[in-house]
Amino acid sequence: MGAWVERFSGSPPSFMETVLLALKLTVALGILNVWVVRRTQSTAYRGQGAKTLREEFAVYGLPGWVFAPMGFLKVGLAVSLLLSIWVPAVTLPAALLLGAIMVVAFAMHLKVSDPVIKCLPSLAVLTMCVGIALL
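Converting from the sequence shown to this note's numbering requires adding 195 to each position, the first position being numbered 1.
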């Protein structure tokens with residue numbers, strides 16, 4: 196928490212701190228957008244033409260009970276990334292867990308032979324999670 200407080204007391208953040216903050220915000224707000232704001236809306240990235248997140252899980256052959264726990268986990272990890280702005284110890288576990296979930300998301304798109312464009316969000320979030328973990 197001290198490093199964040201120092202930012203407001205006069206010393207500007209370094210370039211890498213700014214990149215890390217941007218990555219955390221992008222991933223966290225992106226996940227929250229998908230799971231809170233757009234979960235019932237159609238997007239170009241849903242697997243096999245599913246209209247909602249719940250339909251997408253069904254397309255992948257996942258049992259219905261997986262949907263809610265995965266949603267809570269993803270939203271919780273997104274909130275954890277936001278929290279990590281002030282509590283840096285939360286950063287690595289949140290980024291690693293979310294990255295692992297993105298590997299599975301990518302695999303689900305491959306499982307149903309989705310075109311590459313539908314795989315890009317999971318790959319982008321995975322890449323950003325790796326960046327967060329390494330910074």
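Glycine is no exception: its CB is placed at the ideal position from the N, C-alpha and C atoms.
As the crow flies, the alpha-carbon of Lys313 is around 32 Å from that of Pro283. For Pro264, the uninterrupted alpha helix (DSSP H) run begins and ends at Phe262 to Leu278, by DSSP.
Under the DSSP assignment, Val254 falls in the alpha helix (DSSP H) whose first and last residues are Leu248 to Val254. Three or more beta-carbon pairs drawn from the segment 216-224 and the segment 258-277 are found closer than 8 Å, and the two stretches are therefore classed as touching. For the pair Val307 and Gly259, the CB atoms are not nearer than the 8 Å cut-off. When C-alpha distances from Leu291 are compared across Pro208, Ser206, Ser209 and Lys219, the shortest belongs to Lys219. Nearest to Leu268 by alpha-carbon distance, out of Ala295, Pro207, Leu329 and Ser209, is Ala295. Contact check for Tyr240 and Pro316: beta-carbon distance about 5 Å, within the 8 Å limit, so the pair qualifies. By the neighbour-count criterion, in which a residue is buried when 16 or more other Cβ atoms sit within 10 angstroms of its Cβ, Phe210 is exposed. With fewer than 16 neighbouring CB atoms inside 10 Å of its own CB, Val299 falls in the exposed class. Put simply, of Thr286, Pro208 and Val254 the residue whose alpha carbon is nearest the alpha carbon of Cys324 is Thr286. Boundaries for Ala284: no alpha helix (DSSP H) harbours it, and the DSSP string shows neither H nor E there.
Going by DSSP, Thr221 is part of the alpha helix (DSSP H) stretching over Phe210 to Leu227.
Under the three-state reduction of DSSP, Thr235 is assigned to coil, being neither helix nor strand.
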